[in-house]
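4 protein chains.
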Amino acid sequence: MSSLVRFGISLDGELLDRFDRIIKAKGYATRSEAIRDLMREKLVEERWEQGTGEVAGTITIVYSHHTNGLGDLLTDLQHAYHHLIVSTMHVHLDHDHCLEVLVVKGRPDEARAVADRLTSVKGVLHGRLTLTSTGTELL
Amino acid sequence: MSSLVRFGISLDGELLDRFDRIIKAKGYATRSEAIRDLMREKLVEERWEQGTGEVAGTITIVYSHHTNGLGDLLTDLQHAYHHLIVSTMHVHLDHDHCLEVLVVKGRPDEARAVADRLTSVKGVLHGRLTLTSTGTELL
Amino acid sequence: MSSLVRFGISLDGELLDRFDRIIKAKGYATRSEAIRDLMREKLVEERWEQGTGEVAGTITIVYSHHTNGLGDLLTDLQHAYHHLIVSTMHVHLDHDHCLEVLVVKGRPDEARAVADRLTSVKGVLHGRLTLTSTGTELL
Amino acid sequence: MSSLVRFGISLDGELLDRFDRIIKAKGYATRSEAIRDLMREKLVEERWEQGTGEVAGTITIVYSHHTNGLGDLLTDLQHAYHHLIVSTMHVHLDHDHCLEVLVVKGRPDEARAVADRLTSVKGVLHGRLTLTSTGTELL
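Written out as structure tokens, the structure reads:
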């Protein structure tokens, strides 16, 4: 961690009031923390857009475990991408449905590819790639 | 406009460096302006999520003017929602395709409804509602 | 326009019922049109992600015309990018605020660049780039 | 599961060609599966927009475990929302950073609230709520 710096920003008092109301409702303890979060959110987007460097993300899939051979297929696929997939959590949503979340770490394009592959499997009802960060650029 | 206020935020120096590089690439003259924009973006989202109050937005549709009766239908629809639609611009993209942008102003749910109606018309190839603001909450 | 083709898809009857309820509420006349729209939406996303080829988009900005010199600056900027900007519509939202929508046509990266430049200007309260298409890939 | 139905859609042959190229690149085995996924994606969005019924989602947070007391605070918060949080997976990204994914199940507004609370904690560098489904409406 590098050293802390401090800078000031000037803005209309009423804009600040309105922003403060929102972040209070969201549970922020301080305004600085809310603004640092907005800045970090921008850094994460940029990293994914550039398509280089290392990112982290999560892939969420929902499926019915009654689909024949689906479990095996998903396991095989995940092994094929084992260098990207850090770990997987499985939740039994109800009698029929499973939710699986995979944490991926690697290049943005490869993370998109594995999300595409898993989402496109027949029997996978919903798939989403969530973009986040390894934290190193967020400090 | 209410009076200007100034406040400070403290953060890691390297986080600031990275943020500064991004906003420089985007053309921001000052860091304060970039942060005010992030704050305003959050205010706009909240206003649309609450579903009340007055918002502004734009509806972008792309269509082929060769589709029979489409021009008339779009005009009729827009008149049915004339209390929401401030004005419309039409662009001839090429020999076949038109792009129309409508500026809407009113309640969020009504703005969504008119976007849904226009987007769902046969012959409209693409439709998008863009959320923005009347500016009053952004100052 | 190439010739019409027809293909069938099979799915669970209840999934279809639920989808039909949503598209009815949105005003679709037929299911085919709703599905064609979902397919086109995917094509538009892909085109922008690839970063090549020609796209169309709209840039929406909201600003206060009281900001000194802002009108001139925005006009200058738009002229600098005149090869990308097809036309611009200006709406007087209230006594203070203006909304401007620009239709842009060109390469995805250039469209992003002009949106960044306009959004980052001091006095521009909110800016959004909306991704759409020249229509040629949507048919 | 209800019975399978089959319906046809007609569209321009070239639109179909372009769509087919994209879904092949994404790894879909059949066109039907790709279209069912687009339909389900729409159902998930609607359910979250309506704000009622039961949804599933994942909350992804990235933080530095060096922040004093952060682990305890996150654990306390998660217990306060234990009726919403099904389970949590923790990944050690590097020497400093942790990624945590929580699976939540419940009302959309409550799921948003817990995501807001966790994201706003000082020391949490990035937080994202991913909208998905319990699967029951997706079949």
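Residue numbers (our numbering), protein chains in the order written: chain H, 283 to 421; chain W, 283 to 421; chain G, 283 to 421; chain D, 283 to 421.
Each residue gets a CB set at the ideal place from its N, CA and C atoms; glycine is no exception.
Every value quoted in this text rests on a predicted model; they were computed, and no experiment measured them.
In this structure G295(D) is exposed. Its beta-carbon is surrounded by fewer than 16 other beta-carbon atoms within 10 angstroms. For T357(H), the enclosing alpha helix (DSSP H) begins and ends at 352 to 362. It is roughly 13 Å from the alpha-carbon of D319(H) to the alpha-carbon of E419(H). Beyond the five residues adjoining it in sequence on each side, T334(D) comes within less than 8 Å, by CB distance, of R389, P390 in the same chain, given in chain order. Residues of chain D with a Cβ closer than 9 Å to the Cβ of K404(G) do not exist, since the nearest Cβ in that chain sits about 28 Å away. Annotation: Y363(D) has no Cβ neighbours in chain H at a cutoff of 7 Å; minimum Cβ distance is about 12 Å. Around A316(G), the same chain offers I305, Y310 as residues with beta carbons nearer than 7 Å, after the five sequence neighbours per side are excluded.
Going by C-alpha positions, V385(H) is about 10 Å away from L375(D). Pairing T342(D) with H408(H) gives a Cβ-Cβ distance that is not under 7 Å.
According to the DSSP secondary-structure assignment, A316(D) is paired through a beta bridge with no residue. Beta-bridge partners of Y345(G) (DSSP): C380(G), V406(G).
For R288(H), the enclosing beta strand (DSSP E) starts and ends at 286 to 294. At a C-beta separation below 9 Å, R288(H) has these neighbours in chain W: G290, I291, S292, L293. Among the residues of chain H, those whose CB is under 7 Å from the CB of S285(W) are G295, following chain order.
Checking the DSSP bridge columns, you'll see H374(H) partnered with C380(H). Ranked by Cα distance from L298(W), the first of L381(H), H347(H), E323(H), V373(H) is E323(H). A direct Cα-Cα distance of roughly 25 Å separates E331(H) from G405(D). If you check each beta-carbon in the stretch 342 to 360 of chain W against every beta-carbon of chain G, the ones closer than 7 Å belong to T342, V344, S346.
Under the Cβ criterion of 7 Å, M371(H) is counted among the residues facing chain D. For L400(D), the enclosing alpha helix (DSSP H) has its first and last residue at 390 to 401.
Taking a 10 Å sphere around the C-beta of R399(W), we find 16 or more other C-beta atoms and assign the residue as buried. Burial state of R410(D) is buried, judged by a 10 Å Cβ sphere holding 16 or more other Cβ atoms.
Residues of the stretch 381 to 394 of chain H with a C-beta atom less than 9 Å from some C-beta of chain W do not occur. At a cut-off of 7 Å, the C-beta of V396(G) has no neighbouring C-beta in chain W. Contact of S314(D) with chain G by beta-carbon distance below 9 Å involves F289, G290, I291, S292, L293. For G309(D), no pairing in a beta bridge is given by DSSP. Nearest CB-CB separation between I367(H) and chain W: not below the 7 Å threshold. Residue pairing of K387(D) in beta bridges, as defined by DSSP: A338(D).
In the three-state reduction of the DSSP assignment, L411(D) falls in the strand class. Sorting G339(D), C380(D), N350(D), M321(D) by C-alpha distance to the C-alpha of V396(D) places G339(D) at the top.
Comparing alpha carbon positions, the residue from V383(H), G290(H), H365(H), V403(H) closest to V373(H) is V383(H). Apart from sequence neighbours up to five positions away, the residues of its chain that approach V326(W) with a beta-carbon distance below 7 Å are L413, T414, S415, ordered along the chain. For the pair R288(W) and S314(H), the Cα-to-Cα distance works out to about 13 Å. By the beta-carbon neighbour count (other beta carbons within 10 angstroms, threshold 16), T401(W) is buried.
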